[in-house]
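A.B. asks: Counting with mature numbering (1 follows the signal peptide of the UniProt record, and there is no 0), you get residues -18 to -1, 1 to 75 for the letters of the sequence shown.
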Amino acid sequence: MLCAAALMTSALGGPALAQAPTPWVLAPDMGYGYDGTGKTFAYKMGTNNAKFLLKGAKKVPKNTLFFIGENGQLYMRSGPFLEDDGKFKFGPG
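#1: From what residue to what residue does the alpha helix (DSSP H) around Ala32 run?
#2: Under three-state DSSP, which class holds Leu47?
#3: Whose C-beta lies closer than 6 Å to the C-beta of Ala2 among residues of the same chain, with five residues either side of it excluded?
#4: My guess is that Gly20 and Gly54 are in contact by the Cβ rule of under 8 Å, so how many angstroms apart are they, rounded?
#5: Give me, in chain order, the residues of the same chain whose beta-carbon lies closer than 8 Å to that of Glu65; leave out the 5 immediate sequence neighbours on both sides.
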């Protein structure tokens, strides 16, 4: 038990390593919602009301970053989010 606690402490106390980016997998037959309370949901979609769905919809510009702010709000920022060397501009350190 003491050994496990020591391992946990040393793991948490080490330097933060950057994780490799992973693809955000969006499926064509799914809808993704962000409700008024800040919760996110995934919904299976049908095709019977596709015209209604597309009415008022906007294309997301390329080079758009989505993130949750410190206040829990979902934000999107259009513009480059990678440095010239391919590293994430807003990463740790």
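For glycine and all other residues, C-beta sits at the position ideal for the given N, C-alpha and C.
C.D. replies: In short, the structure shows the following:
#1: Ala32 to Leu36
#2: strand
#3: none
#4: 5 Å
#5: Lys71
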